[in-house]
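Colleague:
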Amino acid sequence: MRLVIARCSVDYAGRLTAHLPSAPRLILVKADGSVSVHADDRAYKPLNWMSPPCTLKEGDDERWTVENKAGEKLIITMEEILHDSSHELGVDPGLIKDGVEAHLQELLADRMETLGDGWSLIRREFPTAIGPVDILGRDADGTTVAIEIKRRGEIDGVEQLTRYLELLNRDPHLAPVKGVFAAQEIKPQARVLATDRGIDCVTLDYDALRGIEDDKLRLF
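For the sequence shown, our numbering begins at 751 and goes up steadily by one.
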């Protein structure tokens with residue numbers, strides 16, 4: 751990971767345009783190729799970012815241009831670099847799920863038919879270069895489905911599933927791969943983002959799954 755603290759301005763050019771005026775900011779360049787720009791607030795959420803796959807070009811004019819395969823560009827104009835360092839973090843062991851989340855994964859993997867007639871399991875914890883997909887399965891039409899399971903579904907979970915889908919869809923043996931975001935509770939903002947990205951949302955009833963009281967999940 752590369753950490754750069756710099757006074758800079760940022761311009762985004764894509765489906766929309768956006769401009770961040772000059773200010774001190776933190777820029778993260780991760781090993782997966784993603785680039786994100788952060789201020790000293792907003793918790794984990796960046797001011798702007800570009801998800802992989804994308805390319806970063808550092809020009810002689812102190813201008814960074816980050817471009818993705820859709821032609822969208824993030825242009826960072828450096829005025830003063832205050833810090834620039836790189837660190838090797840190694841392979842991350844991944845998130846250790848809490849008991850409820852892990853049990854939801856186990857229950858849903860055993861009862862894939864609750865997502866629809868003819869659905870089947872390929873594998874739990876399907877490995878990828880950026881971490882394991884909770885469940886990889888197939889729907890009744892034979893389409894590969896990546897399922898991300900959360901106790902509480904928020905925007906970061908949708909972003910995580912989006913990264914998995916981008917990677918999985920590069921594999922000709924799996925593509926096309928569609929996504930399902932499953933949680934006991936899904937925040938409205940997460941649902942809107944998922945819908946915009948073509949990801950289905952499923953509300954899980956943990957008690958019903960445990961007690962095998964209701965074989966129907968609510969699909970929105």
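Note that the Cβ used here is the ideal one computed from N, Cα and C, for glycine as well.
#1: Excluding the five sequence neighbours on either side, which residues of its own chain have a C-beta within less than 8 Å of the C-beta of Ile880, listed in chain order?
#2: Identify every residue that forms a DSSP beta bridge with Lys823.
#3: Leaving aside the five residues before and after Ala925 along the sequence, list all residues of the same chain whose C-beta is less than 8 Å from its C-beta, in chain order.
#4: According to DSSP, Val895 sits in a beta bridge with which residue or residues?
#5: Identify whether Met828 lies in helix, strand or coil by the three-state DSSP scheme.
#6: May I ask which residues mark the beginning and end of the alpha helix (DSSP H) holding Val942?
#7: Where Leu871 and Pro882 are concerned, what is the direct C-alpha to C-alpha distance, given to the nearest angstrom?
#8: Here's the rule: buried if 16 or more other CB atoms are within 10 angstroms of the residue's CB, otherwise exposed. What is Thr864?
#9: Quick check: what's the CA-CA separation for Val952 versus Met751?
#10: What residues are listed by DSSP as bridge partners for Glu798?
#11: Could you tell me the distance, in whole angstroms, from the CA atom of His853 to the CA atom of Leu959?
#12: With Ala940 and Gly903 assumed to form a contact (beta carbons below 8 Å), what rounded beta-carbon distance in angstroms separates them?
#13: Where does Gly903 sit, in a helix, a strand or coil, going by DSSP?
#14: Express the C-alpha separation of Met862 and Ile825 in angstroms, rounding to a whole number.
#15: Return the residue from the list Ala756, Arg873, Asn818 that minimises the CA-CA distance to Arg888.
#16: Can you tell me whether Leu753 is buried or exposed? The criterion is at least 16 other CB atoms within 10 Å of its CB, across all chains shown.
#17: Nearest CA to the CA of Lys838: which residue from Trp814, Lys780, Glu909?
Modeller: The structure says:
#1: Asp782, Arg913, Tyr914, Leu917
#2: Ala763, Glu817
#3: Thr894, Leu918, Asn919
#4: Gly887, Lys928
#5: DSSP places Met828 in strand when its eight states are reduced to three.
#6: In this chain, the alpha helix (DSSP H) harbouring Val942 covers 938–946.
#7: C-alpha separation (whole angstroms): 15 Å.
#8: The residue in question, Thr864, is buried, as its Cβ has 16 or more Cβ neighbours within 10 Å.
#9: About 34 Å.
#10: Note on residue identity: the sequence assigns Asn, not Glu, to residue 798. DSSP lists Val787 as partners of Asn798.
#11: 10 Å
#12: 5 Å
#13: strand
#14: Each residue's alpha carbon lies about 44 Å from the other.
#15: Arg873
#16: Exposed.
#17: Checking the sequence, you will find Glu at residue 838 rather than Lys. When each option's Cα is compared against that of Glu838, the closest is Lys780.
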